[in-house]
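Written below as structure tokens is the structure these notes are about.
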Amino acid sequence: MENIIQFENVSKSFGDLQVLNKLNLEVKDGEKLALIGPSGSGKTTILRILMTLETIDDGFVSVNGEYLWHEKNDGKIIPASENHLHKMRDHIGMVFQQFNLFPHLTAIENVQQPQTLIKKKTDAEAKEKAEELFHLVGLGDKKDQYPHQLSGGQQQRVAIARALAMDPKIMLFDEVTSALDPELVDEVLTVLRKLASDSDTTMLTVTHEMNFAREFADRVLFFDSGQIVESGKPESIFSNPTKKRTKEFLKKFINNVN
Amino acid sequence: MNEVIEFYPILIKGTITTIQLTVLGAILALIVSFIVGLARISSFAAIRVIAIVYLEFFRGSSALVQMFFIYFVLPMWGIYFDALTAGVVACGLNVGAYGSEVVRGAVLAVGKEQHEASKALNYSIYKKYRYVIIPQAIPIMIPTFGNLLIELLKLTAVASLITISDLTFMAQIIRVQTALTLEPFLLILIIYFIIATILVQIVDLIAKKFSKGRNIMTAGDK
Ligand SMILES: Nc1ncnc2c1ncn2[C@@H]1O[C@H](COP(=O)(O)OP(=O)(O)OP(=O)(O)O)[C@@H](O)[C@H]1O
Ligand SMILES: [Mg+2]
Numbered sequence: 033m034e035n036i037i038q039f040e041n042v043s044k045s046f047g048d049l050q051v052l053n054k055l056n057l058e059v060k061d062g063e064k065l066a067l068i069g070p071s072g073s074g075k076t077t078i079l080r081i082l083m084t085l086e087t088i089d090d091g092f093v094s095v096n097g098e099y100l101w102h103e104k105n106d107g108k109i110i111p112a113s114e115n116h117l118h119k120m121r122d123h124i125g126m127v128f129q130q131f132n133l134f135p136h137l138t139a140i141e142n143v144q145q146p147q148t149l150i151k152k153k154t155d156a157e158a159k160e161k162a163e164e165l166f167h168l169v170g171l172g173d174k175k176d177q178y179p180h181q182l183s184g185g186q187q188q189r190v191a192i193a194r195a196l197a198m199d200p201k202i203m204l205f206d207e208v209t210s211a212l213d214p215e216l217v218d219e220v221l222t223v224l225r226k227l228a229s230d231s232d233t234t235m236l237t238v239t240h241e242m243n244f245a246r247e248f249a250d251r252v253l254f255f256d257s258g259q260i261v262e263s264g265k266p267e268s269i270f271s272n273p274t275k276k277r278t279k280e281f282l283k284k285f286i287n288n289v290n
Numbered sequence: 008m009n010e011v012i013e014f015y016p017i018l019i020k021g022t023i024t025t026i027q028l029t030v031l032g033a034i035l036a037l038i039v040s041f042i043v044g045l046a047r048i049s050s051f052a053a054i055r056v057i058a059i060v061y062l063e064f065f066r067g068s069s070a071l072v073q074m075f076f077i078y079f080v081l082p083m084w085g086i087y088f089d090a091l092t093a094g095v096v097a098c099g100l101n102v103g104a105y106g107s108e109v110v111r112g113a114v115l116a117v118g119k120e121q122h123e124a125s126k127a128l129n130y131s132i133y134k135k136y137r138y139v140i141i142p143q144a145i146p147i148m149i150p151t152f153g154n155l156l157i158e159l160l161k162l163t164a165v166a167s168l169i170t171i172s173d174l175t176f177m178a179q180i181i182r183v184q185t186a187l188t189l190e191p192f193l194l195i196l197i198i199y200f201i202i203a204t205i206l207v208q209i210v211d212l213i214a215k216k217f218s219k220g221r222n223i224m225t226a227g228d229k
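Protein chains in written order, with our numbering: chain A, 33 to 290; chain B, 8 to 229.
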């Protein structure tokens, strides 16, 4: 399988704080990847770079065989133009921790509007797709509510439907259950599990839900200080971590939970 | 008072002129508010500078002098306005300067996460503002726009000084003709107040319409 995402020596700083230092990362087409690691280790930054919400300082990121932050012009490699970024964003969708729904639109309008505006679908096509997706995320009866009339778990499922409606090749999930009350976490994770098993979309998820990561992921990356410390199948990372830092993190994590 | 009431035809004419000035001035002010307010947040420095110069000029000089300028000075350069147009232009440009601050503030009050969500869905800058940011900013603007509308109504009174026969102008006429001072001015004070009250009601209705089923007002007010 081909790599759909590739980071080559990517560095990123915020002021004096170097978050990524020559990061190398490869993700295969269709892979389900879980990113775990301590707070501040740069997990969100990786997703935000892919979504073009954050620029890079150095190195190359490729998506679907093309540079994301660069483009070729007369054989020279130059920084990406807005046009190029617009083309590349078409491959990628993101679900945020705080849902970020459009509050002035109903749930179903949130899912329809981007399809008609960006994907140039007719109203009827967008509506049909939206209804299909509402069924998938189990919200058929909530589609005409405004976001503030929905629970956090319901809002997050609308946000997932909205991202899916754009048919991205790559879906990014950044701690999509962290803002939810504990009793609402499962309804969202259930949707993600279903997506992971039913679709060939490449998925990157940042999560602190270790049980979920174990079921969801083909591969788990343990991240610390902007570096991949350890990467492997969920069974091996969770049951037999080889690196000291991974062991410490998982131990602390389990202690925190209990 | 009866003598004053006899002048009701010109009072009605004056009321209509005042309302005309207010409504036309408000339309111009609204257009100017959006153009200048959005120019203030443009990514082009030159456009931002022009908008700031506009704002500071109209905010920093007297509306009355601006009106005199448009009505008496511009004709010297071959630009003629009839009195009503000059009044509307002066009021609209002046209140539009203040309105641009309202537009800018409301647009900036829409959270960063809305910009990021739009980007993640691949909205262009234009579509982002047109379909996501401005629709959320409008309910935030409406209450302050309501206050500015009342300011505009009060500002139209100075238009009587460039011969526009608005309410204030008519009150002067009645004063001259009847030699009464208290009555005509008391009467137009009440008429201004009634117009203002009606305008407030209309703005409230618009505010309700825009916030129906949405929870943006509270988000923007905090
Ligand atoms: N826009 C920014 N400006 C300044 N510093 C930032 C910015 N964004 C992130 N950082 C810093 O960069 C570091 C990495 O942030 P990032 O959000 O990627 O971490 P994370 O692994 O997602 O952490 P968490 O688990 O807490 O979400 C943190 O120290 C954070 O404070
Ligand atoms: Mg994070």
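Just so you know, even glycine gets a beta-carbon here, dropped at the ideal spot from N, CA and C.
The structure displayed is predicted, hence computed values, not measured ones.
Exposed unless 16 or more other CB atoms sit within 10 angstroms - verdict on residue i
i, result
"Lys-44(A)", "buried"
"Thr-6(A)", "Any answer about residue 6(A) is impossible in this case: the structure gives chain A only from 33 up to 290."
"Arg-137(B)", "exposed"
"His-123(A)", "buried"
"Leu-62(B)", "buried"
"Arg-66(B)", "exposed"
"Tyr-87(B)", "exposed"
"Thr-77(A)", "buried"
"Met-83(A)", "buried"
"Lys-283(A)", "exposed"
"Pro-82(B)", "exposed"
"Asn-132(A)", "buried"
"Trp-101(A)", "buried"
"Ile-34(B)", "exposed"
"Ile-12(B)", "exposed"
"Tyr-133(B)", "exposed"
"Tyr-199(B)", "buried"
Residue from the options whose Cα sits closest to the Cα of residue i
i, options, result
"Asp-300(A)", "Leu-55(A), His-116(A) and Glu-63(A)", "Any question about residue 300(A) goes unanswered here, given that chain A covers just 33 to 290."
"Gln-181(A)", "Leu-137(A), Lys-159(A) and Ile-260(A)", "Leu-137(A)"
"Phe-248(A)", "Lys-283(A), Thr-148(A), Phe-134(A) and Leu-221(A)", "Leu-221(A)"
"Ala-66(A)", "Gly-264(A), Ser-271(A) and Lys-276(A)", "Gly-264(A)"
"Gly-74(A)", "Thr-274(A), Asn-243(A) and Thr-239(A)", "Thr-239(A)"
Cα-Cα separation between residue i and residue j, rounded to whole angstroms
i, j, result
"Pro-236(B)", "Leu-37(B)", "Examination of residue 236(B) is not possible in this model, given that chain B is present from 8 through 229 alone."
"Thr-175(B)", "Val-39(B)", "26 Å"
"Asp-232(A)", "Met-203(A)", "11 Å"
"Val-208(A)", "Leu-71(B)", "57 Å"
"Asn-35(A)", "Ser-94(A)", "9 Å"
"Gly-103(B)", "Leu-216(A)", "47 Å"
"Leu-91(B)", "Leu-159(B)", "15 Å"
"Arg-111(B)", "Phe-41(B)", "8 Å"
"Lys-119(A)", "Val-96(B)", "44 Å"
"Phe-46(A)", "Phe-92(A)", "18 Å"
"Asp-213(A)", "Ala-228(A)", "23 Å"
"Ser-49(B)", "Ala-112(A)", "21 Å"
"Ile-195(B)", "Ile-19(B)", "11 Å"
"Thr-278(A)", "Glu-58(A)", "20 Å"
"Met-198(A)", "Gln-147(A)", "6 Å"
"Glu-280(A)", "Glu-120(B)", "34 Å"
"Thr-204(B)", "Asp-211(B)", "11 Å"
"Arg-189(A)", "Asp-173(A)", "13 Å"
"Lys-175(A)", "Phe-166(A)", "7 Å"
Bounding residues of the beta strand (DSSP E) (the contiguous stretch that carries residue i)
i, result
"Ile-109(A)", "108 to 111"
"Thr-170(B)", "That residue, Thr-170(B), is in no beta strand (DSSP E); it is neither H nor E in DSSP."
"Arg-137(B)", "That residue, Arg-137(B), is in no beta strand (DSSP E); it is neither H nor E in DSSP."
"Met-223(A)", "With the sequence shown as reference, residue 223(A) is identified as Val, and Met is not the correct amino acid for it. No beta strand (DSSP E) contains Val-223(A), which is instead part of the alpha helix (DSSP H) from 214 to 230."
"Gln-259(A)", "259 to 264"
"Thr-237(A)", "234 to 238"
"Val-80(B)", "Element bounds for Val-80(B): n/a, residue is neither H nor E."
"His-102(A)", "102 to 105"
"Asn-35(A)", "35 to 46"
N- and C-terminal bounds of the alpha helix (DSSP H) containing residue i
i, result
"Met-177(B)", "174 to 185"
"Leu-18(B)", "15 to 47"
"Ala-66(A)", "No alpha helix (DSSP H) contains Ala-66(A), which is instead part of the beta strand (DSSP E) from 64 to 68."
"Gly-106(B)", "90 to 116"
"Val-143(A)", "139 to 149"
"Ile-12(B)", "9 to 12"
"Lys-159(A)", "155 to 168"
"Glu-114(A)", "114 to 121"
Using a Cβ-Cβ cut-off of less than 7 Å, give me the residues of the stretch 141 to 154 of chain B that come near chain A, in sequence order.
Listed in sequence order: Pro-142 and Gln-143.
Near-chain B residues of the stretch 129 to 156 of chain A (beta-carbon distance less than 7 Å), N- to C-terminal order
Gln-130, Asn-132, Phe-134, Pro-135, His-136, Gln-145, Pro-146, Leu-149 and Ile-150
Taking a Cβ distance cut-off of 8 Å, strictly less, list which residues of the stretch 109 to 124 of chain B are near chain A, in chain order.
Glu-120, Gln-121, Glu-123 and Ala-124
Under 8 Å, CB to CB, which of the residues in the stretch 103 to 122 of chain A have a partner in chain B?
Listed by position, the residues of the stretch 103 to 122 of chain A near chain B (Cβ gap below 8 Å) are His-118, Arg-121 and Asp-122.
When you check each C-beta in the stretch 123 to 137 of chain B against every C-beta of chain A, which residues fall closer than 8 Å?
Sequence-ordered contacts of the stretch 123 to 137 of chain B with chain A read Glu-123, Ala-124, Lys-126, Ala-127, Leu-128, Asn-129, Tyr-130, Ser-131 and Lys-134 [C-beta pairs closer than 8 Å].
Residues of the stretch 226 to 260 of chain A with a CB closer than 8 Å to any CB of chain B: list them in chain order, please.
none
According to a CB-to-CB cut-off of less than 9 Å, which residues of the stretch 73 to 96 of chain A neighbour chain B?
Arg-80, Met-83, Thr-84 and Leu-85
Can you give me, in chain order, the residues of the stretch 197 to 227 of chain A that have a beta carbon less than 7 Å from any beta carbon in chain B?
Listed by position, the residues of the stretch 197 to 227 of chain A near chain B (Cβ gap below 7 Å) are Met-198.
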